[in-house]
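Structure record follows, encoded as structure tokens.
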């Protein structure tokens with residue numbers, strides 16, 4: 001395919017359709033999962049609703065076991 005506006009439009013159309021379908025399937029899977037929970041697994045589902053801890057990069061550890069600081073001096 002050669003670069004053209006028509007090809008770019010086609011790509012964008014199918015790319016959007018793909019993303020919409022993935023989102024729809026994720027949502028459907030989540031609803032199906034929640035519908036299948038019982039007293040034991042409801043807590044597992046609840047864990048998925050909590051924000052992740054930090055989400056950042058863990059501090060680096062030197063070979064002797066000391067931890068680096070954020071300012072780069074420690």
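In the working numbering, the protein residues as written are 1 to 74. By construction, the Cβ of each residue, glycine as well, lies at the ideal position given by its N, Cα and C atoms. Because the structure is a prediction, the values reported are computed rather than measured.
Residue i versus residue j: straight-line alpha-carbon distance, rounded
i, j, result
"residue 4", "residue 31", "41 Å"
"residue 17", "residue 56", "32 Å"
"residue 26", "residue 35", "14 Å"
Spatial neighbours of residue i in its chain, beta-carbon cut-off 6 Å, leaving aside the 5 residues before and after
i, result
"residue 23", "none"
Whole-angstrom C-beta distance between residue j and residue i, which should lie under 8 Å
i, j, result
"residue 59", "residue 68", "6 Å"
For residue i, the first and last residue of its enclosing alpha helix (DSSP H)
i, result
"residue 5", "5-35"
"residue 42", "42-49"
Residues near residue i by beta carbon distance below 7 Å, same chain, minus five either side
i, result
"residue 37", "45"
8 Å CB neighbourhood of residue i in its chain, flanking five on each side removed
i, result
"residue 13", "none"
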